[in-house]
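Take a look at the structure below.
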Amino acid sequence: MDDRIREHAKILVNWSARIDAGDDVIVAVEDGAHDLAVAVAEQLGDRGANLLSTYQSDELTRAYLQAHDGSFTENPEYELALYERADSVLFLKGSRNTTETADVDSDQRQAYSTARQEIREARLDTDWVSTQHPTRAMAQQAGMAYAEYKDFVYDATLRDWEALADEQARLKEILDGGKEVRIVADGTDITLFIDDRIAVNSAASVAYDSHNLPSGEVFTAPYDTAGVVTFDVPMTIQGRRVKNVEMTFKDGVVVDWSAEQGEAVIDEIIGTDSGSRQLGELGIGMNRGVDRVTDNILFDEKMGGTVHLALGRAYDACLPEGESGNDSAVHEDLITTMGQGSRLEVDGEVVQKDGVFRWEDGFEG
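Just add 23 to the spot in the sequence shown (first one is 1) and you have the numbering used here.
In structure tokens:
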């Protein structure tokens with residue numbers, strides 16, 4: 024086994040999920056992530072945690088959804104109980120075919136998602152962490168050789184997370200004290216209102232309310248939005264290609280949208296429910312180990328020099344105690360490049376220009 028796989032597992036269990044002896048841990052393993060699952064099992068055994076593994080497969084999901092009549096049982100009790108009793112859920116991603124569910128009917132997909140909302144909430148109430156094991160399918164989607172892609176994944180994942188947490192704390196402090204964020208870039212001029220919201224220093228650990236490995240972003244939950252944004256980073260969403268999405272917001276709601284490619288996918292997301300027409304997240308990428316777009320949201324949204332906005336559900340970690348944020352059955356991220364001529368302002372003060380933060384080398388105020 025590649026030593027980097029064991030290092031990945033060690034970071035996941037110790038730094039990211041903070042597993043203790045006696046914890047009840049579900050490990051959800053995609054079909055291409057077997058080697059990482061073995062390394063994680065070793066770490067959990069060494070910790071004295073309790074392990075239950077489940078098998079995840081897009082091919083299995085496709086078969087089920089295409090055969091079902093669409094009248095899904097809402098939040099089956101046996102599955103809901105599983106997550107309600109768990110301390111942690113570790114999602115080990117490792118797709119063998121990134122477009123396996125592309126031909127699943129959109130109404131079927133939405134019905135299934137809506138029927139499982141309480142289960143989704145129960146999973147999110149655990150100390151969950153999602154991570155990615157490099158597979159040949161992911162390398163192909165990224166347009167990279169397999170060996171090259173593995174180097175990319177581990178450069179982004181096997182990091183000094185404590186040092187990055189310290190750097191990200193600077194941006195968290197600015198956002199926590201801010202009221203308005205303005206993003207100006209090519210085809211984008213949008214203002215997001217964030218006063219009294221809490222920014223999360225997403226440093227790849229549940230100790231920071233962070234649930235992705237790799238991570239490397241600071242995110243919050245705007246309560247209102249106005250302006251126009253162009254998402255220029257191509258993505259695969261629900262197995263279908265989406266490119267150059269433009270959205271117009273008024274009074275916090277999407278009022279107009281278009282896409283060069285994949286507009287039907289955006290139509291489906293926005294039409295999911297009342298909450299899917301609003302933003303649940305503003306995220307600012309800060310992981311310089313992610314140095315290229317790979318068509319994988321786990322990495323691409325963390326890339327330094329990008330921002331991402333998510334339609335749908337807001338995370339509770341961003342909300343004041345007792346306040347409910349935007350609620351939806353979806354949380355779908357879309358990414359904008361902060362390149363030459365761009366700027367990120369908080370209350371009129373430039374925090375980032377041309378993709379460079381003001382505390383980084385190369386910043387020109």
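Even glycine gets a Cβ: it sits at the ideal position worked out from N, Cα and C. Note that the structure is a prediction, hence the values are computed from the model and not measured.
_Span of the alpha helix (DSSP H), counted from its first residue to its last, around residue 140_ = 140 to 147
_How far does the beta strand (DSSP E) with residue 272 in it extend, from its first residue to its last?_
263 to 273
*asked:* Could you check whether residue 49 and residue 77 sit closer than 8 angstroms to each other, using their CB atoms as the reference points?
replied: yes
*Drop a sphere of 10 angstroms on the beta-carbon of residue 231, count the other beta-carbons inside from all chains shown, and report buried for 16 or more, exposed for fewer.*
buried
*Local conformation of residue 231 per DSSP, three classes*: helix
*Under the rule that 16 or more other beta-carbon atoms within 10 Å means buried, what is residue 130, buried or exposed?*
exposed
_Residues in the same chain with beta-carbon distance under 6 angstroms from residue 271, minus the five sequence neighbours each way, listed in chain order, please._
251, 278 and 279
*Run through the stretch 51 to 117 for me and flag every whole beta strand (DSSP E) of 3 or more residues, listed as ranges in chain order.*
73 to 79 and 111 to 116
_Please report the distance separating the alpha-carbon of residue 328 from that of residue 198._
17 angstroms
*Counting Cβ pairs closer than 8 angstroms, one from the stretch 278 to 293 and one from the stretch 370 to 387, do we hit at least three?*
no
*In whole angstroms, what is the alpha-carbon distance linking residue 204 and residue 45?*
43 angstroms
*Would a C-beta distance cut-off of 8 angstroms place residue 213 and residue 206 closer than the cut-off?*
yes
*Kindly give me the distance between the Cβ atoms of residue 359 and residue 255, rounded to whole angstroms, as I take these residues to be in contact under 8 angstroms.*
6 angstroms
*asked:* Among the candidates 314, 294 and 54, whose CA atom is the shortest distance from the CA of residue 121?
replied: 54
*Give the range of the alpha helix (DSSP H) segment to which residue 194 is assigned.*
184 to 199
*Would you say residue 258 and residue 307 are within 8 angstroms of each other, going by their C-beta atoms?*
no
*Under three-state DSSP, which class holds residue 121?*
coil
_Can you look up residue 36 in the DSSP assignment and give me helix, strand or coil?_
helix
*DSSP state of residue 202, grouped into three classes?*
coil
*Shortest alpha-carbon distance to residue 370 belongs to which of 201, 161 and 296?*
201
_Whole-angstrom C-beta distance between residue 152 and residue 75, which should lie under 8 angstroms_ = Not a contact, Cβ separation roughly 16 angstroms.
*If you drop the 5 nearest sequence neighbours on each side, which residues of the same chain put their C-beta closer than 7 angstroms to that of residue 405?*
Nothing about residue 405 can be reported from this structure: the residues present for the chain run from 24 to 388 only.
*So, is residue 24 buried or exposed, given that buried needs 16 or more other C-beta atoms within 10 angstroms?*
exposed
_Nearest-angstrom Cβ-Cβ length linking residue 268 and residue 136, presumed shorter than 8 angstroms_ = Actually they do not touch by this definition, with Cβ atoms about 20 angstroms apart.
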